[in-house]
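For my numbering, count along the sequence shown from 1 and bump the result up by 22. By construction, the Cβ of each residue, glycine as well, lies at the ideal position given by its N, Cα and C atoms. Worksheet: one structure, shown below.
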Amino acid sequence: MNIRKVTVYALIASMAASLLSGCKSDTETSVMDAISTSVQTTAATTEITETVPETSAFVTYTAEEYRNAGVNELNSVPILMYHRVYGMTNAETQYTGGNVDKDGYNRTSEAFEADLRRYYEQGYRMMRLTDFVDGYIDVPFGYSPLILTFDDGIRDVVLQGWNDDGTPVFDPTCAIGILEKIKSEYPDYNVTATFFVNSQLFENGEEEDRKVMKWMVDNGYDIGNHTRDHKKLGDCDADEIEKQVGSMFKKLDEIIPGQYVDIVALPFGSPENIGSGKPQYDRIFSGTYDGFTYSTKAALLCAWTRSYSPFVRDYNNMAIRRIRGYDNGGTEWDIEMNFSQLNAGKRYISDGDPNTVVFPSSDNSSGDWLKNTFGHQVITYD
Ligand SMILES: [Zn+2]
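Structure below.
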């Protein structure tokens, strides 16, 4: 492992286009001003304003710049767990704050859209769950990663028909309708989400859903495995787990071969004690069903709070924690409670380079908090 102190500028060519355009915080702007004379950028491509890295080398800043922006890539990441988004206003439900049911698993379209705008305004930018699991966190300098997940499939992708050019027409109040709207409004938000489906897919009929899913993976969304029948895997024997996980992967492989993510969202978050050593739980992670061999690279709980950074000791890719996307007046680990903690010094703040891990040296003073660097360059500052 190569850990070094940052004491000098070591400015190199690659700067992401997102760093140089769009909405910037004051901190970021001042950092950019401070270093702009030293940063080389390559010519933009003709069609999009994207700066192509001239070299694979990483960008570093001074310790003061890291400090001012609060860069810390050992801090926590919000992975939101939504279920179904209903085309309703908040006034149309009997529950508080845009919840559609008593426990807040389902959300109104009004509340969901407001959630997305609020995360953006607080300096979060979306990224793919599969990249997070791979330790590849590509978020602009000074911003924080945000990951959206949806379980169960139903009502989140409400198809209204097809355009003449073959593109789908979605209900503007369903989850993907709102995500597409936000995508057009905030080009630098990097709108993306992972949808975990059961065998009924999105309930538009299998033929329609097959076409929709192909469109989704071609347009920045991911599809993952929520098991065939939504059973509690903690109550299943090995053969049943293999059937539940394996048959769903097999189906995804038939519909979108090579384009689904090898990630399972555990129904009901079961088994919670996935590391207990029960041998049947191994079938969540590898097996063969009906001739189809699968390998799962991560599993998601229905947990209550932010995820550890993938770089730290307590992160466990077999039991990744998520935040339930609901409102409970700022209590019981609702969105407000989680984000107020994140925004009070717990949030991962990026250095803008997915190939480095940057953090204050005091955060790893024990020497064992940083655990997995995924081969990235490690940079600490005081
Ligand atoms: Zn579910």
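Presumed contact (8 Å Cβ cut-off) between residue i and residue j, rounded CB distance
i, j, result
"MET149", "ASN212", "7 Å"
"TYR403", "ALA136", "About 36 Å; that fails the 8 Å criterion."
"GLY226", "LEU181", "What sits at residue 226 in the sequence shown is Asn, not Gly. Rounded, the Cβ-Cβ distance is 5 Å, consistent with contact."
"ILE245", "VAL219", "6 Å"
"GLN363", "THR378", "Not quite, the Cβ-Cβ distance comes to about 26 Å (not below 8 Å), so this is no contact."
"PHE314", "PHE271", "7 Å"
"TYR348", "ASN112", "That pair is no contact at about 12 Å."
"PHE361", "GLN144", "7 Å"
Cβ-Cβ distance between residue i and residue j below 8 Å
i, j, result
"ARG106", "ASP193", "no"
"THR152", "ILE401", "no"
"TYR208", "TYR142", "yes"
"ILE345", "ALA321", "no"
"GLY389", "THR118", "no"
"TYR311", "LYS265", "yes"
"ARG232", "ILE198", "no"
"LEU255", "PRO293", "yes"
"ASP174", "HIS248", "yes"
"THR171", "LEU102", "yes"
"ASN365", "GLY157", "no"
"LYS319", "ASN338", "no"
Nearest residue (CA-CA) to residue i, options the options
i, options, result
"MET110", "GLU132, LYS124, PRO100", "GLU132"
"GLN281", "TYR348, THR216, GLY164, ASP186", "THR216"
"SER308", "ALA287, GLY268, PRO289, GLY291", "GLY268"
"GLY242", "GLU114, PHE218, LYS205", "LYS205"
"PHE154", "VAL99, TYR146, LEU181", "VAL99"
"VAL161", "ASP210, LEU223, MET103, LYS300", "ASP210"
"TYR104", "ASN365, ALA366, ASP336, ILE357", "ILE357"
"TRP391", "ILE176, ASP336, PHE224", "ASP336"
"TYR108", "TYR127, ASN295, GLY92, THR171", "TYR127"
"GLY374", "LEU255, ASP259, PHE163, ASN185", "PHE163"
"THR130", "ARG140, LYS124, THR115, LEU138", "THR115"
"THR189", "ILE159, GLY92, VAL239, ASP156", "VAL239"
"ASN386", "ASN339, VAL334, GLU228, ASP186", "VAL334"
"ILE159", "PRO376, LYS236, ARG250, CYS258", "PRO376"
"ASP187", "TRP237, VAL93, TYR330, PRO279", "TRP237"
Residue i - containing alpha helix (DSSP H), residue span
i, result
"THR152", "151 to 155"
"PHE134", "131 to 143"
"ASP257", "Segment: none, ASP257 is in no alpha helix (DSSP H) and carries neither H nor E."
"ASN360", "357 to 363"
"PHE307", "304 to 307"
"GLY199", "197 to 207"
Host beta strand (DSSP E) of residue i (start-end)
i, result
"ASP173", "166 to 173"
"ARG106", "Unbroken run through ARG106: none, as it is neither H nor E."
"TYR88", "Taken as a continuous stretch (DSSP letters only), TYR88 belongs to no beta strand (DSSP E), being part of the alpha helix (DSSP H) at 85 to 91."
"ILE401", "399 to 403"
"MET148", "146 to 148"
"VAL219", "216 to 219"
"VAL191", "190 to 192"
"VAL380", "378 to 382"
Pairs of beta-carbons, one from the region 307 to 326 and one from the region 370 to 380, closer than 8 Å: are there three or more? Result no; under three Cβ-Cβ pairs closer than 8 Å.
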